[in-house]
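Peer 1: Protein sequences appear in the order of chains W and U. Residue 526 in the numbering used here sits at position 71 of the first sequence, with consecutive numbering throughout. Residue 70 in the numbering used here sits at position 67 of the second sequence, with consecutive numbering throughout.
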Amino acid sequence: GAVVSQHPSWVICKSGTSVKIECRSLDFQATTMFWYRQFPKQSLMLMATSNEGSKATYEQGVEKDKFLINHASLTLSTLTVTSAHPEDSSFYICSGQSGAQEETQYFGPGTRLLVL
Amino acid sequence: GQQLNQSPQSMFIQEGEDVSMNCTSSSIFNTWLWYKQDPGEGPVLLIALYKAGELTSNGRLTAQFGITRKDSFLNISASIPSDVGIYFCAGRWEGSQGNLIFGKGTKLSVKP
């Protein structure tokens, strides 16, 4: 149980274009979903937290107008990287949490983004 | 801000050896989680700890929630080649509103 999927698994795009990444909880309802970014050989850095039906909460230094997050249902959250630039190239990972704050987060397999 | 210190940064061991890694925090945590991440994939939960002093096993893995609530360790016994990967500790501190903070990871290499 507790499976999270991401789509696409990797994407290459031109600078200036927008990219949408989907995160789905397949066998549980994710009240809260988290989006992380991971650069090579580094740890996961939280970008934002989203609760179903409400606006996402962004971590300090993360531009909310550049990284648009939508958590429209209890099983789907999307991250859109708008006007992507090469420095946005990274590994983006989402996680879902089913209930109370002490619940475990289950991670998706990640999306590798390369902006040319 | 909150910080987690995870050590060692990397380990090179022989198959069959036991492994130990740990994390320490600057403040009191109420949850400790240990994840393993393979290259190009998301982290997979290994063990979750919720109470000070808690000792939990998952096969050859054992993790403990330190009694001071500021540290946790993960042990792997009788390592095998498929244990290779990066192990991350993660935790929630009081007042984190559910958010996790991650350690920098321990890269484990196992020589057959």
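All C-beta atoms, glycine included, are put in the ideal place defined by N, C-alpha and C.
Tell me, to the nearest whole angstrom, how far the beta carbon of U:Ile89 is from that of U:Thr109; I am working on the premise that it is less than 8 Å.
Peer 2: The residue labelled residue 89 of chain U in the question sits at position 86 within the second sequence. The residue labelled residue 109 of chain U in the question sits at position 106 within the second sequence. So it is a contact: roughly 7 Å between Cβ atoms.
Peer 1: Look at the alpha carbon of W:Gln461 and the alpha carbon of W:Arg492, and state the distance between them as a whole number of angstroms.
Peer 2: Sequence index remark: in the first sequence, residue 461 of chain W carries index 6 (1-based). Sequence index remark: in the first sequence, residue 492 of chain W carries index 37 (1-based). So the two alpha carbons sit approximately 14 Å from each other.
Peer 1: Give a yes or no on whether the C-beta atoms belonging to W:Ile548 and W:Leu534 are separated by under 7 Å.
Peer 2: Stepping through the first sequence from its first residue, residue 548 of chain W is reached at position 93. Stepping through the first sequence from its first residue, residue 534 of chain W is reached at position 79. Against a cut-off of 7 Å, the Cβ pair of W:Leu534 and W:Ile548 comes out as no contact.
Peer 1: Under 7 Å, do W:Leu531 and W:Glu507 count as touching if we go by C-beta distance?
Peer 2: For the purposes of this step, residue 531 of chain W is taken as residue 76 along the first sequence, with counting starting at 1. For the purposes of this step, residue 507 of chain W is taken as residue 52 along the first sequence, with counting starting at 1. For W:Leu531 and W:Glu507, no; Cβs fall outside 7 Å.
Peer 1: Once you ignore the five residues that flank W:Pro541 on each side, which residues in its own chain have a CB closer than 8 Å to its CB?
Peer 2: As a working note, residue 541 of chain W is residue 86 in the first sequence. Excluding residues within five positions, the ones whose Cβ falls inside 8 Å are Ser470, Val570, Leu571.
Peer 1: Terminal residues of the continuous beta strand (DSSP E) containing U:Lys39?
Peer 2: Reading the second sequence from its first residue, position 36 is the one you call residue 39 of chain U. Unbroken beta strand (DSSP E) run through U:Lys39: 32 to 40.
Peer 1: Given this structure, state the Cα-to-Cα distance separating W:Gln497 from W:Ser509, to the nearest angstrom.
Peer 2: Position 42 of the first sequence holds residue 497 of chain W. Position 54 of the first sequence holds residue 509 of chain W. So the alpha carbons of these two residues sit roughly 30 Å apart.
Peer 1: Distance check for U:Leu58 and W:Asp543, CA to CA, integer angstroms please.
Peer 2: Along the first sequence, read from residue 1 onward, the residue named residue 543 of chain W stands at position 88. Along the second sequence, read from residue 1 onward, the residue named residue 58 of chain U stands at position 55. C-alpha separation (whole angstroms): 40 Å.
Peer 1: Unbroken beta strand (DSSP E) runs of length 3 or more, entirely within the segment 492 to 546 of chain W: which are they?
Peer 2: Taking only runs of at least 3 residues, the beta strand (DSSP E) segments lying wholly in the segment 492 to 546 of chain W are 500 to 506, 522 to 528, 531 to 536.
Peer 1: Using a Cβ cut-off of 9 Å, pull out every chain W residue sitting near U:Gly43, in sequence order please.
Peer 2: Residue numbering aside, residue 43 of chain U sits at position 40 when the second sequence is read from its first letter. Ordered by position in chain W, the residues that pass the 9 Å Cβ test against U:Gly43 are Ser464, Trp465, Phe546, Pro564, Gly565, Arg567.
Peer 1: In the DSSP output, what is U:Thr65 paired with across the bridge?
Peer 2: Here residue 65 of chain U refers to the residue found at position 62 when the second sequence is read from its first residue. According to DSSP, U:Thr65 bridges with U:Ser60, U:Asn78.
Peer 1: Within this structure, are the beta carbons of W:Leu501 and W:Glu514 separated by less than 7 Å?
Peer 2: As a working mapping, residue 501 of chain W is identified with position 46 in the first sequence. As a working mapping, residue 514 of chain W is identified with position 59 in the first sequence. Cβ atoms of W:Leu501 and W:Glu514: closer than 7 Å.
Peer 1: Is it right to say W:Pro463 is buried, meaning 16 or more other beta carbons lie within 10 angstroms of its own, or is it exposed?
Peer 2: Locating residue 463 of chain W in the first sequence gives position 8, where the first residue counts as 1. So W:Pro463 counts as exposed.
Peer 1: Between the alpha carbons of U:Lys39 and U:Leu48, how many angstroms are there, rounded?
Peer 2: Translated into positions along the second sequence, residue 39 of chain U becomes position 36. Translated into positions along the second sequence, residue 48 of chain U becomes position 45. Between U:Lys39 and U:Leu48, the C-alpha separation is close to 7 Å.
Peer 1: Could you give the residue range of the beta strand (DSSP E) that holds U:Tyr90?
Peer 2: One-based indexing of the second sequence puts residue 90 of chain U at position 87. 88 to 96 is the span of the beta strand (DSSP E), which, as asked, contains U:Tyr90.
Peer 1: Would you mind sorting U:Asp41 into buried or exposed? The rule is 16 or more other CB atoms within 10 Å of its CB.
Peer 2: For the purposes of this step, residue 41 of chain U is taken as the residue at position 38 of the second sequence. Its Cβ having fewer than 16 others within 10 Å, U:Asp41 is exposed.
Peer 1: Check the Cβ-Cβ distances between W:Ser460 and every residue of chain U, and say whether any is below 7 Å.
Peer 2: As a working mapping, residue 460 of chain W is identified with position 5 in the first sequence. Taking Cβ atoms only, chain U never reaches closer than 7 Å to W:Ser460, which makes this a no.
Peer 1: Return the chain-ordered list of same chain residues with a C-beta closer than 8 Å to the C-beta of U:Gln5, the five sequence neighbours on each side being excluded.
Peer 2: For this step, residue 5 of chain U is matched to residue 2 along the second sequence. Excluding sequence neighbours, U:Gln5 sits near Ser28, Ser29, Ser30, Trp96, Ser99, Ile104.
Peer 1: Cα separation between W:Trp490 and U:Asn33?
Peer 2: As a first step, residue 490 of chain W is located in the first sequence; it is residue number 35 there, counting from the start. As a first step, residue 33 of chain U is located in the second sequence; it is residue number 30 there, counting from the start. Cα-Cα distance, rounded: 22 Å.
Peer 1: Where do the N-terminal and C-terminal ends of the beta strand (DSSP E) with U:Lys54 fall, by residue?
Peer 2: Locating residue 54 of chain U in the second sequence gives position 51, where the first residue counts as 1. Counting along the chain, U:Lys54 falls outside any beta strand (DSSP E), and DSSP gives it neither H nor E.
Peer 1: Assign U:Pro11 to one of two classes, buried (16 or more other C-beta atoms within 10 Å of its C-beta) or exposed (fewer than that).
Peer 2: Translated into the one-based positions of the second sequence, residue 11 of chain U becomes position 8. Exposed, because fewer than 16 other Cβ atoms sit within 10 Å of the Cβ of U:Pro11.
Peer 1: Please list the partners that W:Tyr561 has in chain U, where partner means a Cβ-to-Cβ separation under 7 Å.
Peer 2: To locate residue 561 of chain W, count along the first sequence from 1; it is residue 106. Result: Leu48.
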